[in-house]
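Colleague: Residue numbers (UniProt numbering): 1 to 182.
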Ligand SMILES: Cc1cc2nc3c(=O)[nH]c(=O)nc-3n(C[C@H](O)[C@H](O)[C@H](O)COP(=O)(O)O)c2cc1C
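(1) By a C-beta neighbour count over all protein chains shown, 10 Å radius and 16 as the cutoff for buried, is residue 63 buried or exposed?
(2) In or out: residue 107 buried (at least 16 other Cβ within 10 Å) or exposed?
(3) By a C-beta neighbour count over all protein chains shown, 10 Å radius and 16 as the cutoff for buried, is residue 24 buried or exposed?
(4) Does the structure place the stretch 159 to 170 close enough to the stretch 9 to 16 that three or more beta carbon pairs sit under 8 Å?
(5) Taking residue 62 as part of the alpha helix (DSSP H), name the residues at either end of that continuous run.
(6) From residue 143 to residue 120, what distance separates their C-alpha atoms?
(7) Runs of 3 residues minimum, wholly inside the UniProt domain "Nitroreductase" (16 to 161): which ones carry the beta strand (DSSP E) assignment?
(8) Inspect the beta-carbon positions of residue 158 and residue 131 and report whether they are closer than 7 Å.
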C-alpha cells in the first residue's frame with residue numbers, strides 16, 4: 001500500500017476476529033509505534049501486548065476496577081469481557097519522563113502519535129482495529145495494576161484483528177471546512 005493511500009484510507013473498525021497480527025506483523029506494528037515524533041528523544045511510551053489468554057487477565061483487572069466503583073454484576077461481567085472484543089489488545093501508556101524542557105503534554109501527545117502509527121501499521125498489513133479508551137483508561141486501579149506512575153496516562157487500548165466483514169467506507173469531512181489560508 002502506498003503511504004498516501006494509507007493516510008487517505010485508514011479507518012477504524014470494531015467488528016474484529018482472528019487472525020490477529022503476530023510475529024513479524026506484530027513487530028512491525030510495535031516498531032511503527034516507536035517511530036512516533038518524540039521531542040527530546042525521551043521515548044515517553046510503553047506498550048503492553050495482551051493476546052489470547054492474556055486478554056482475560058486484562059478483563060479481570062477491568063472487572064475488579066468496576067467492582068471497586070460499585071458497578072452492578074452485569075456491568076462487572078461486561079467489563080470482564082471487554083478485552084475479548086478483538087483477538088489482540090495493546091495498551092499504550094504515556095510513560096512520562098522527568099524533563100525541564102519537554103512538558104508532560106508533549107510526551108502524552110507523542111504516546112498518542114504512537115497509537116496512530118501502530119493502527120496505521122496494522123491497516124497497511126491488511127488488519128483492522130480501533131483505538132479505545134473508556135473508563136478503564138482512567139481508573140486508578142487499572143493504572144496501578146498496569147504499573148503506571150502518577151504522571152503517566154493510558155492513552156489508549158488498540159484493539160486489533162481481522163474485520164469480520166468488509167468494513168463500510170466512511171464518508172469524511174472536507175479538509176476545506178477546517179482550513180484557513182492566512
Ligand atoms: C483518544 C481516543 C479514544 C477513543 N476511545 C474510543 C472508545 O472508547 N470507544 C470507541 O468506540 N471509539 C473510541 N475512539 C474513536 C475510534 O478510535 C475511532 O476513531 C472512531 O470510531 C472514528 O473512526 P475512524 O478512526 O474511522 O474515523 C477513540 C478515539 C481516540 C482518538
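Where a beta carbon is used, it is the ideal one built from N, C-alpha and C, also for glycine.
Modeller: According to the structure data:
(1) Looking at its Cβ environment, which holds 16 or more other Cβ atoms inside 10 Å, residue 63 is buried.
(2) Counting the other Cβ atoms within 10 Å of the Cβ of residue 107 gives 16 or more, which makes it buried.
(3) With fewer than 16 other Cβ atoms within 10 Å, it is exposed.
(4) Yes, the stretch 9 to 16 touches the stretch 159 to 170.
(5) Residue 62 -> alpha helix (DSSP H) spans 54 to 68.
(6) Take the alpha-carbon of residue 143 and the one of residue 120: they are about 26 Å apart.
(7) Runs of the beta strand (DSSP E) inside the UniProt domain "Nitroreductase" (16 to 161): 45 to 51, 88 to 94, 128 to 132.
(8) Cβ atoms of residue 158 and residue 131: closer than 7 Å.
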